Amino acid sequence: MVYTIPQMMSGNWVEGKILTRNNYNDKFIEQLADLIADIHKTLPFFEYAWPGASVDLPKMQDTVSGLEQGDDFTKEAIAEYYEIQPNLQHTAYLHGDIHGENVIVDDKGNLEGLIDWEHAAVGDPHWDFRMIRRWIGWDGLEQLLFYYNATTGLQCKLKYIKVLDKISLCNSRQIQTPPIPMFNEYIRVWPAPLKHVL
Numbered sequence: 008m009v010y011t012i013p014q015m016m017s018g019n020w021v022e023g024k025i026l027t028r029n030n031y032n033d034k035f036i037e038q039l040a041d042l043i044a045d046i047h048k049t050l051p052f053f054e055y056a057w058p059g060a061s062v063d064l065p066k067m068q069d070t071v072s073g074l075e076q077g078d079d080f081t082k083e084a085i086a087e088y089y090e091i092q093p094n095l096q097h098t099a100y101l102h103g104d105i106h107g108e109n110v111i112v113d114d115k116g117n118l119e120g121l122i123d124w125e126h127a128a129v130g131d132p133h134w135d136f137r138m139i140r141r142w143i144g145w146d147g148l149e150q151l152l153f154y155y156n157a158t159t160g161l162q163c164k165l166k167y168i169k170v171l172d173k174i175s176l177c178n179s180r181q182i183q184t185p186p187i188p189m190f191n192e193y194i195r196v197w198p199a200p201l202k203h204v205l
């Protein structure tokens, strides 16, 4: 099923399977980059979508502001976010929740579409890349950014996405009741703090 926001968009039924770590083909990364680029280009429509429509939805900042700083991992993530935050200046329409369970592929591993638009927002494009690497890996994410940057002319940076992924992980860990053990495992194997990420 495709979730949509009626005031902003309509959707179609998408046939296929959810993405796993091994059911996509060589073309998938480029297809996903093109789709994300197309979504991010949608913004001009929203400026005229309805009277008083706002294109300033600070999803990233709201997430960071809501984090409890009870552990070193979260404190590091917040400090790293504020180091990169001045550089997150582009505005785009975002899916907001691109991860394997929201990416649909066909039997041959081609991209069919994205589902579950309940987290759609307007913000910096880096936010849309923060979770997909858990399915395509860091190498796949680098390849995705290469194609995306070539298509859009932007220069989304892997180091910024790492920080936003860390913020997202902290947020997910804090809102899960009870906490899911995988969050502790992600934190245990997380790379050393990013020093001077700019």
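For the sequence shown, my numbering assigns the number 8 to the initial residue and increments by one for each residue that follows.
By construction, the Cβ of each residue, glycine as well, lies at the ideal position given by its N, Cα and C atoms.
Computed from a prediction, not measured in an experiment: that's the story for all the values here.
Asked, Found
"Beta-bridge partners of Lys24, as assigned by DSSP", "Val112"
"Within the segment 133-190, ranges of the alpha helix (DSSP H) (whole runs, at least 4 residues)", "140-159, 165-182"
"Inter-residue spacing [alpha-carbon to alpha-carbon] between Thr27 and Ala99", "27 angstroms"
"Identity of the residue in His102, Leu101, Gly120 nearest Val110 by Cα", "Gly120"
"Cβ-Cβ separation, Ile25 to Gly107 (assumed contact under 8 angstroms), whole Å", "6 angstroms"
"N-terminal and C-terminal residue of the beta strand (DSSP E) that Leu39 is part of", "It is not in any beta strand (DSSP E) - Leu39 instead sits in the alpha helix (DSSP H) that spans 35-47."
"Alpha carbon of Trp20 to alpha carbon of Asp79, nearest angstrom", "43 angstroms"
"Tyr167 vs Asn94 beta-carbon contact at 9 angstroms", "yes"
"Buried/exposed call for Ile182, threshold 16 Cβ in 10 Å", "exposed"
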